[in-house]
Structure formats: structure tokens, C-alpha cells
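One structure is given here, and the rest of the page talks about it.
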Amino acid sequence: MKPTSLLINTSRGPVIDEQALLQALNDGRIAGAGLDVLSSEPPSPQDPLMLHPQTIVTPHAAFYSEESVVELQTTAARQMAGILSGRRPPNIVNPEVLKRSNLRARL
């Protein structure tokens, strides 16, 4: 990376080697970092990345906007209404729960 580069992480903390990032910041090999996540959450107030003058750390809420909250609430309400009406939830990440007898009776 160029010394003028900024590293941004809004995905998951372990995606980044935090010790390597800290060393790169200290050595001037990178200009700064914006972190919405850290490998340990909640982070220690003494975490070197939290205290580093070239980092900005946000509270794992970089997605937030009024529109995203409305979309989140609307989607959740639609999916719950569908389940209560007997429809299988879309995009289910744990389909094994559908085998439970109390859910089979509804779907």
C-alpha cells in the first residue's frame, strides 16, 4: 500500500491483522485507518488502535442511516407476517430449525 493509503474495515474485526496494522501506522507505511469493527468487541479503552492518532473507530454502526433503519424494520415486519401466515422465511441461514415440530405446524 502507498504511505498515503487509508484502510477502512466495516466488515468483521478478524479480517485485519491488527498488530500488522498498528505497526504499519507507527512506521508511516499507511496514512490512517477507519475501523467500524475490531477483533475484540467491546474493545478495551486502552487498545492501541483506539488510542492511535491516525485511526478513527466507530461503534460498529457504520451502516446506520434513517433509510437503513426503516428498511430493516420493514423487512423484519414482512418476514414475521409471512411466517405467521405460514410462509417459509426467505434467505433462511439455519434451515435446520424448520425441522422443529413447533415450526412445522405453522409452515
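Each residue of the sequence shown is one higher than the one before, counting from 0 in numbering that gives the first Met the number 0. Backbone N, C-alpha and C define an ideal beta-carbon position, used for all residues, glycine too. The structure displayed is predicted, hence computed values, not measured ones.
Self-check item: Ordered list of alpha helix (DSSP H) runs contained in the stretch 17-92, each at least 4 residues
Solution: 17-26, 47-50 and 65-83
Quiz item: Whose C-beta lies closer than 6 Å to the C-beta of Q53 among residues of the same chain, with five residues either side of it excluded?
Solution: In the sequence shown, the residue the question calls residue 53 occupies position 54. Within the same chain, Q53 has close Cβ partners L24 and G31.
Practice problem: Please name the residue, chosen from S39, I29 and S64, that lies closest to A19 on a Cα-to-Cα basis. | Solution: To locate residue 19, count along the sequence shown from 1; it is residue 20. The residue with the shortest Cα to Cα distance from A19 is I29.
Practice problem: Measure the C-alpha to C-alpha separation of P94 and E66 and round it to an integer number of angstroms. | Solution: Position 95 of the sequence shown, counted from the first residue, corresponds to residue 94. Position 67 of the sequence shown, counted from the first residue, corresponds to residue 66. If I take the Cα positions, the gap works out to 29 Å.
Quiz item: In this structure, what does DSSP give as the bridge partners for L6?
Solution: In the sequence shown, the residue the question calls residue 6 occupies position 7. According to DSSP, which records beta bridges pairwise, L6 is partnered with A32.
Self-check item: Assumed close pair G12, S38 - CB separation to whole angstroms, cut-off 8 Å
Solution: Here residue 12 is taken as the residue at index 13 of the sequence shown, counted from 1. Here residue 38 is taken as the residue at index 39 of the sequence shown, counted from 1. Rounded, the Cβ-Cβ distance is 4 Å, consistent with contact.
Quiz item: Would you call V36 buried or exposed, if buried means 16 or more other Cβ atoms sit within 10 Å of its Cβ?
Solution: Locating residue 36 in the sequence shown gives position 37, counting from the first residue. Buried, since its Cβ has 16 or more Cβ neighbours within 10 Å.
Practice problem: Within its chain, find whatever has a CB closer than 6 Å to the CB of I7; leave out the 5 residues flanking it on each side and keep chain order. | Solution: The count along the sequence shown starts at 1 and reaches residue 7 at position 8. Here the set comprises G33.
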